[in-house]
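Undergrad: Numbering (full-length UniProt numbering), first residue to last: 1 to 272.
1. Does DSSP put residue 59 in a helix, in a strand, or in coil?
2. Using the C-alpha atoms, what's the distance from residue 229 back to residue 24?
3. Taking the runs of the alpha helix (DSSP H) that are 4 residues or longer, which of them lie wholly in the stretch 21 to 46?
4. Using C-beta distances below 6 Å, list every residue in its chain close to residue 47, excluding the 5 sequence neighbours before and after it, in chain order.
5. Distance, Cα to Cα, residue 34 vs residue 68?
6. Taking the DSSP output, what are the residues bridged to residue 14?
7. Determine, using beta-carbon pairs with one atom in the stretch 128 to 135 and one in the stretch 163 to 178, whether at least three such pairs fall under 8 Å.
8. Mapping the DSSP letters down to three states, classify residue 7 as helix, strand or coil.
9. For the pair the stretch 36 to 44 and the stretch 182 to 194, tell me if three or more CB-CB distances fall below 8 Å.
10. Exposed or buried, which one is residue 178 when buried takes at least 16 other CB atoms within 10 Å?
11. Is the beta carbon of residue 142 less than 7 Å from the beta carbon of residue 234?
12. Please tell me whether residue 295 and residue 268 are closer than 7 Å, where the distance is taken between their beta carbons.
13. If we define contact as Cβ-Cβ less than 7 Å, is residue 168 a contact residue for chain D?
14. Is the beta carbon of residue 145 sitting closer than 7 Å to the one on residue 17?
15. If you reduce the DSSP assignment to three classes, tell me which class residue 161 lands in.
16. Please classify residue 62 as buried or exposed, where buried requires at least 16 other C-beta atoms within 10 Å of its C-beta.
17. Per DSSP, which residues does residue 267 bridge with? Please list them.
18. State buried or exposed for residue 224, treating a residue as buried only when at least 16 other CB atoms are found within 10 Å of its CB.
19. How far does the alpha helix (DSSP H) with residue 239 in it extend, from its first residue to its last?
20. If the criterion is Cβ atoms closer than 7 Å, does the pair residue 242 and residue 270 meet it?
21. Along the chain, where does the alpha helix (DSSP H) that runs through residue 203 open and close?
22. Give me the residue from 94, 38, 117 with the minimum Cα distance to residue 104.
23. Taking the alpha helix (DSSP H) that residue 128 belongs to, which residues open and close that run?
Structure follows, in structure tokens:
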């Protein structure tokens, strides 16, 4: 294992776990990997994510404007990933039907049960959050999520990624999207008390601005780590970790100019 080197040489990578696999995003390429038919399938694609430069880059860091750029990038990233897009649409559909179901139950049942349903209808984020946590914790997504963090952390520490190095890393990561979840929940809990139509849009600005301001504080990272540990990640097995490591290694080769994008997947035989 190579020793630690100057962190200024590091590239910035992000990732996203999904059922049966994991995706990574680099400055100029992205990778998508899954285990299928006893082989690790890895796709390398050029990144189509637009990045502001020059004066526009400086403007994109201003308060409020940085939030618009952030949500714009997230939207573009979702549109570029069929899994992310399907997941988002699925969550929105479940949320809508859940609220309709709770409201119907409130009107037809009444009594204490109706009161509980009315509460859930007013704050649908709470039961949806419980379902989300259960899905993350008891499916392969939680394990791939932990593997994704370990692979990124190994690169950030060592400048390279090996299975042995990734195994030593924590499955918790300070840049995890889970950390913004506390701000999303906070904004959602305020929603029933703010009878103002523009809030439906402005709450996204509120969420991201709060995250930009407080996201790197110890208490925010601490809450995020707690949620990662107990709700959104699980310790990966060797299978999930090897898929993540091999995917990251192929992406790193592409970012270093050692390979290009692939129309057909790279097939690797797992060692687990």
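Ideal Cβ positions, reconstructed from N, Cα and C, are used throughout, including at glycine.
TA: Per the coordinate set shown:
1. Walking along the chain shown from the start, residue 59 turns up at place 59. Look at residue 59 here: in three-state DSSP terms it is helix.
2. Within the chain shown, residue 24 is the residue found at index 24, counting from 1. Within the chain shown, residue 229 is the residue found at index 229, counting from 1. For the pair residue 24 and residue 229, the Cα-to-Cα distance works out to about 21 Å.
3. Runs of the alpha helix (DSSP H) inside the stretch 21 to 46: none found.
4. Within the chain shown, the letter at position 47 stands for residue 47. Closer than 6 Å at the Cβ level, and outside the excluded window around residue 47, lie 28, 29, 30.
5. Taking the first residue of the chain shown as 1, we reach residue 34 at position 34. Taking the first residue of the chain shown as 1, we reach residue 68 at position 68. Going by the C-alpha atoms only, they are around 32 Å apart.
6. Taking the first residue of the chain shown as position 1, residue 14 is located at position 14. In the DSSP secondary-structure assignment, residue 14 is bridged to 25.
7. Of all C-beta pairs linking the stretch 128 to 135 to the stretch 163 to 178, fewer than three are shorter than 8 Å, placing the two stretches out of contact.
8. As a position in the chain shown, residue 7 is number 7, starting the count at 1. The pLDDT assigned to residue 7 is 49, lower than 50, so where the model puts this residue is not dependable; a value taken from the coordinates is nonetheless given after this. In this structure, residue 7 counts as helix in the three-state DSSP scheme.
9. Contact between the stretch 36 to 44 and the stretch 182 to 194 is absent, because fewer than three Cβ pairs lie under 8 Å.
10. On the chain shown, residue 178 is found 178 positions in, with the first residue counted as 1. Buried, because 16 or more other Cβ atoms sit within 10 Å of the Cβ of residue 178.
11. As a working note, residue 142 is residue 142 in the chain shown. As a working note, residue 234 is residue 234 in the chain shown. Going by C-beta atoms, residue 142 is nearer than 7 Å to residue 234.
12. There is no way to answer for residue 295, as the model of the chain reaches only from 1 to 272.
13. No chain D appears in this structure, which consists of one protein chain only.
14. As a working mapping, residue 145 is identified with position 145 in the chain shown. As a working mapping, residue 17 is identified with position 17 in the chain shown. In this structure, residue 17 lies closer than 7 Å to residue 145 by Cβ.
15. Here residue 161 refers to the residue found at position 161 when the chain shown is read from its first residue. Here residue 161 sits in coil by DSSP.
16. Translated into positions along the chain shown, residue 62 becomes position 62. By the neighbour-count rule (16 or more Cβ atoms within 10 Å), residue 62 is not buried but exposed.
17. For the purposes of this step, residue 267 is taken as the residue at position 267 of the chain shown. In DSSP, residue 267 forms a bridge with 41.
18. Here residue 224 refers to the residue found at position 224 of the chain shown. The residue is buried, with at least 16 neighbouring Cβ atoms inside 10 Å.
19. What you label residue 239 is simply residue 239 of the chain shown in a count that begins at 1. For residue 239, the enclosing alpha helix (DSSP H) has its first and last residue at 238 to 255.
20. Looking up residue 242 in the chain shown gives position 242. Looking up residue 270 in the chain shown gives position 270. Yes, these two residues count as a Cβ contact at 7 Å.
21. For this step, residue 203 is matched to residue 203 along the chain shown. It spans 199 to 214 - the alpha helix (DSSP H) in which residue 203 sits, taken as one unbroken run.
22. Within the chain shown, residue 104 is the residue found at index 104, counting from 1. Comparing Cα-Cα distances from residue 104 to each of 94, 38, 117, the minimum goes to 117.
23. Here the question's residue 128 lines up with position 128 in the chain shown. Where residue 128 is concerned, the enclosing alpha helix (DSSP H) stretches over 125 to 138.
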